[in-house]
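> According to our numbering, the stretch in the sequence shown is residues 73 to 212, in order.
Just so it is clear, CB atoms sit at the ideal spot from N, CA and C, and this is done for glycine as well.
Below is a structure I'd like to ask you about.
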Amino acid sequence: WTPACSLRPPARSAPCKRLATLRDPPVDCGQKLQIFQPAVIGYKSGSDKVLSDIKKGVTQAEMLEAADRMNKAEIPYNGSVIFGLGGIKDSEEHIQESIKVINQMRPASIGTTMLNLQPGTPLYEDYRKGKFELPTYRDI
73 WTPACSLRPP ARSAPCKRLA TLRDPPVDCG QKLQIFQPAV IGYKSGSDKV LSDIKKGVTQ
133 AEMLEAADRM NKAEIPYNGS VIFGLGGIKD SEEHIQESIK VINQMRPASI GTTMLNLQPG
193 TPLYEDYRKG KFELPTYRDI
């Protein structure tokens, strides 16, 4: 695996290291690689319960392992969190665990968005059935 290139000018150069998968150790390629844009780890939440509820398919531990491998390979990345994803019931856990993950991952930057339920998604259906209570801006 190597970072994708874009037409933007490089932000910096870094030692070229490849990750076949996020489970394999980085391999030094013996050359410099131009880093154009940081990768994005869209973890959305640090809470294993919330990640399971939204069927993210990854746990907090797996996200932290991926970030650790990217840090060791000197591959810059950004993170993202969705405010409100824990609903009213799991809001505190969502926020506290997300802060914990951010502090452990050390991304170059963090993008945040507010939850915007989309019709046809499982979370939207849970909302319609009363299984998910959408927090207000004040709740968040």
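(1) Here's the rule: buried if 16 or more other CB atoms are within 10 angstroms of the residue's CB, otherwise exposed. What is D211?
(2) Count the other CB atoms within 10 Å of the CB of Y149; is the residue buried (16 or more) or exposed (fewer)?
(3) Classify Y115: buried if its beta carbon has 16 or more other beta carbons within 10 angstroms, exposed otherwise.
(4) Any contact of the segment 131-147 with the segment 183-194, i.e. 3+ C-beta pairs under 8 Å?
(5) Taking buried to mean at least 16 other C-beta atoms within 10 Å of its own C-beta, is S119 buried or exposed?
(6) Flag this pair as yes or no: are the beta carbons of L187 and G156 separated by less than 8 Å?
(7) For L123, is the classification buried or exposed, using 16 other Cβ atoms within 10 angstroms of its Cβ as the cut-off for buried?
Quick answer:
(1) The sequence position of residue 211 within the sequence shown is 139, counting from 1. Answer is exposed; the Cβ neighbour count stays below 16.
(2) In the sequence shown, the residue the question calls residue 149 occupies position 77. It is buried - the Cβ of Y149 has at least 16 other Cβ atoms within 10 Å.
(3) Locating residue 115 in the sequence shown gives position 43, counting from the first residue. Looking at its Cβ environment, which holds 16 or more other Cβ atoms inside 10 Å, Y115 is buried.
(4) Using a Cβ-Cβ distance cut-off of 8 Å, the segment 131-147 and the segment 183-194 are not in contact, since fewer than three pairs of beta carbons, one from each stretch, lie closer than that value.
(5) Locating residue 119 in the sequence shown gives position 47, counting from the first residue. Buried, by the Cβ-count rule.
(6) In the sequence shown, counting from the first residue as 1, residue 187 sits at position 115. In the sequence shown, counting from the first residue as 1, residue 156 sits at position 84. Contact flag set, yes.
(7) Mapped onto the sequence shown, residue 123 falls at position 51. Buried: at least 16 other Cβ atoms inside 10 Å.
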